[in-house]
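For reference, the structure is listed below as structure tokens.
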Amino acid sequence: MAAVVLGWYATRTVRPDCTYAISALTDGNGHNMPDENGRVWSYEELADRGYRQAVESGRCAPPRARWQTWIG
């Protein structure tokens, strides 16, 4: 059983360390304002989008299996 749990844990996808910035316009109460399409993005969605853009531009490494981080 332990081998199954370790195998599951080792194959989960993780993001390598990466620094990038996000920004959001907020109203007077601190709520995010809608974008040009009327969609209000949560901070988690903005962070995911910022990371995806950083990967696409080559500034951050793409996500990979956790076991790959163990071997360098």
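Just add 17 to the spot in the sequence shown (first one is 1) and you have the numbering used here. Ideal Cβ positions, reconstructed from N, Cα and C, are used throughout, including at glycine.
So for valine 57, helix, strand or coil by DSSP?
Reduced to three states, the DSSP call for valine 57 is coil.
Of the choices Gly75, Asn46, Trp25, whose alpha-carbon is the least far from that of threonine 36?
With distances taken between Cα atoms, threonine 36 lies closest to Gly75.
Assess, as a yes-or-no matter, whether the region 26-35 is touched by the region 64-83 under the definition of 3 or more beta carbon pairs within less than 8 Å.
Counting Cβ pairs under 8 Å, three or more are found: they touch.
On the DSSP bridge assignment, give the partners of threonine 86 in chain order.
For threonine 86, which the question treats as bridged, DSSP gives no partner whatsoever.
Suppose contacts are defined by Cβ-Cβ distances below 8 Å. Is methionine 50 in contact with leucine 42 by that definition?
For methionine 50 and leucine 42, yes; Cβs fall inside 8 Å.
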